[in-house]
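Have a look at the structure below before the remarks.
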Amino acid sequence: MSELKITSTIATNQSISVPLLGLGVWKSRPKECYEAVKVALESGYRHIDTAAIYGNEADVGKAIGDSGIPRSEIFLVTKLWNADQGFDEAQKAIDVSLNKLGTDYVDMYLIHFPVSGKRKDSWKALEKIQKEGKAKSIGVSNFMIPHLEELLQDSQIVPAMNQVEYHPFLQDLPLKEYCEKNGILLEAYSPLAHGQKLEDERVTRLAKNYNKTNAQILIRWSLQSGNVVIPKSKNPNRIKENADVYDFSLTPEDMKEINHWNENFRTCWDPTTVV
Ligand SMILES: NC(=O)c1ccc[n+]([C@@H]2O[C@H](COP(=O)([O-])OP(=O)(O)OC[C@H]3O[C@@H](n4cnc5c(N)ncnc54)[C@H](OP(=O)(O)O)[C@@H]3O)[C@@H](O)[C@H]2O)c1
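To get the working numbering, take the position in the sequence shown, counting from 1, and add 27.
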């Protein structure tokens with residue numbers, strides 16, 4: 028896996044490839060977010076993950092615009108918020124997001140959460156949004172197997188990606204296998220367990236062995252697991268650190284060890300009980 032690079036991409040099922048590493052901007056306040064996106068783009072990131080509910084789409088858009096990097100070289104993701112779900116509402120919501128982002132398309136538009144009674148109509152809207160060219164690809168987030176089964180039964184387009192919480196301490200292998208079987212990429216959000224497992228002594232031991240940081244071990248594990256990964260930082264040094272994961276690779280033995288660390292440790296919302 029040492030051939031992985033910051034520019035590495037993976038093909039989706041929708042004629043577009045996604046850079047494996049992206050910058051997450053949840054909880055980045057507007058000014059911080061602008062600076063974070065600028066530093067990330069300068070450091071070689073080409074994938075930014077925002078959402079309508081994060082309240083920072085305008086700052087993401089401005090940082091992209093000011094970067095001087097052609098829009099076509101940046102993979103920009105935003106998400107449909109729960110209160111905007113539904114066929115008509117979703118079509119209005121994408122226009123609001125595009126306006127804030129200062130662009131006429133996103134590279135991927137995701138349903139943020141599988142809201143009961145709404146998600147099917149939202150997906151139909153996303154299919155239309157893609158046909159209209161407002162989103163180059165469409166996908167979902169926080170969808171568990173039953174939500175995906177329901178969606179696949181009744182849709183024209185298979186989601187390109189499912190963005191879910193995924194890190195060594197929360198590994199949902201049946202979901203990962205289901206996604207793989209159906210050609211849906213798994214994207215790992217909160218890959219650092221939202222910062223709550225960085226002091227784990229097993230991570231610290233591996234970090235010392237590789238002369239890397241604890242965060243770098245967790246990000247490298249995600250990449251070598253074949254997941255798209257979007258660590259968040261508002262700190263310029265840590266943004267660079269999180270992308271400095273291409274000069275080493277975890278051995279098969281260490282990957283195997285980490286693969287056994289699952290403890291269903293969830294830091295964000297729990298979609299498993301949503302019917
Ligand atoms: N779809 C969804 O429902 C959903 C839910 C959650 C997250 N996400 C996406 O996934 C992204 C990442 O997830 P996340 O923000 O929950 O958590 P994360 O990336 O797992 O961890 C972020 C936390 O770790 C800290 N951190 C980052 N790099 C570090 C480093 N090298 N050393 C030490 N600490 C470091 C950050 O603090 P500093 O900022 O101070 O560095 C922050 O407190 C989000 O920003 C968002 O884009 C999506």
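Glycine included, C-beta positions come from ideal geometry on N, C-alpha and C. The structure displayed is predicted, hence computed values, not measured ones.
For Ile138 against Leu153, the beta-carbon gap comes to about 7 Å, under 8 Å, which counts as contact. Under the DSSP assignment, Ala242 falls in the alpha helix (DSSP H) whose first and last residues are 241-251. The beta carbon of Gln118 lies closer than 6 Å to those of Ala152 in the same chain, with the five residues before and after it left out. A direct Cα-to-Cα measurement between Ala120 and Ala78 gives close to 11 Å. When only Cα atoms are considered, Lys203 and Lys145 end up about 24 Å apart. DSSP, reduced to helix, strand and coil, places Lys145 outside both helices and strands of the structure shown, so it counts as coil. In this structure, DSSP gives Ile37 an extended state, which the three-state scheme calls strand. The DSSP-derived three-state label of Asp134 is strand.
Pairing Ser94 with Val302, the inter-Cα distance amounts to about 42 Å. Closer than 7 Å to some heavy atom of ligand 1: that does not describe the Cβ of Thr34.
Inter-segment contact for the segment 266-283 and the segment 179-189 is absent: fewer than three beta-carbon pairs are separated by less than 8 Å.
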